[in-house]
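Written out below as structure tokens is the structure these notes cover.
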Ligand code: GRF
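Residue numbers (this note's numbering): 88 to 299.
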């Protein structure tokens, strides 16, 4: 059985979606940089090992990344899932687990990398927004893209309503992408992702539609 380590910083709703997805893997540990992350309680209730590696206890990013990488490595994971992990990882971490680390970002990358994605999408007046699962590289929010989900931006949206609509889709596509990687259905070459096997592609989404 393949081994999965999940790294979080906060409430961990994407982590929960992974727990509930019946993935062909054992979730062997949940690690947080933040001792107050509520997602840790959920993992503990399921008797999964939890650890806090607090970035504030390290002199710099390298030292934190080294400690985090050592902790992760001690579980010998096949796949490492960042689920709302709010720290930027350096070469120290990323190169050690190349092709094994996934992240979810709440925008249709490469648009709106970084923070406050929902408010920025509203401010730009985009008609479609969404989320992206990608491999982690040293460039923030710019790794090879595996899967994206788009949602319409509605006229009465505020950042909170839009975030909730996107989050529903995050909970759908993150388990999908992790499953494909666990089942060796993903090939990564020249910085592009190929997903092997039959796939369904939806009709285009037009937003808004049917304006008379
Ligand atoms: C999600 O929107 C995720 O895309 C972003 O941070 C948020 C984390 O939410 N990286 P949760 O902790 O998974 O509930």
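Glycine included, each C-beta is placed from N, C-alpha and C at the ideal position.
Own chain residues within Cβ distance below 6 Å of residue i, not counting five before or after
i           : result
residue 281 : 274
residue 222 : 230 and 231
residue 97  : 124 and 171
residue 138 : 118 and 158
residue 184 : 167
Cα-Cα separation, residue i to residue j
i           : j           : result
residue 272 : residue 263 : 11 Å
residue 298 : residue 196 : 28 Å
residue 115 : residue 94  : 11 Å
residue 169 : residue 296 : 35 Å
residue 238 : residue 261 : 16 Å
residue 200 : residue 161 : 31 Å
residue 110 : residue 122 : 26 Å
residue 99  : residue 242 : 29 Å
residue 288 : residue 193 : 21 Å
Assigned exposure category for residue i - 16 Cβ within 10 Å defines buried
i           : result
residue 152 : buried
residue 258 : buried
residue 104 : buried
residue 102 : buried
residue 190 : buried
residue 106 : buried
residue 316 : Beyond the ends of the chain as shown, which are 88 and 299, falls residue 316; an answer cannot be given.
residue 208 : buried
residue 212 : exposed
residue 226 : exposed
Residue i CB to nearest heavy atom of the ligand GRF below 7 Å
i           : result
residue 279 : no
residue 88  : no
residue 254 : yes
residue 191 : yes
residue 101 : yes
residue 116 : no
residue 257 : yes
residue 95  : yes
residue 171 : yes
residue 248 : no
residue 207 : no
Cβ-based neighbour list, residue i, same chain, cut-off 8 Å, excluding 5 preceding and 5 following
i           : result
residue 140 : 118, 119, 120, 151, 154, 155 and 158
Cutoff 7 Å; reference residue i; Cβ partners in own chain excluding five residues on either side
i           : result
residue 142 : 120, 151 and 174
residue 224 : 181 and 230
residue 278 : 231
residue 252 : 238
Closer than 8 Å to chain D by CB, residue i
i           : result
residue 255 : In the displayed structure, chain D is absent; only one protein chain is listed.
I want to know whether the region 252 to 268 touches the region 216 to 235 - three or more CB-CB distances under 8 Å. yes
So, does the region 204 to 217 touch the region 121 to 140, judging by three or more C-beta pairs under 8 Å? no
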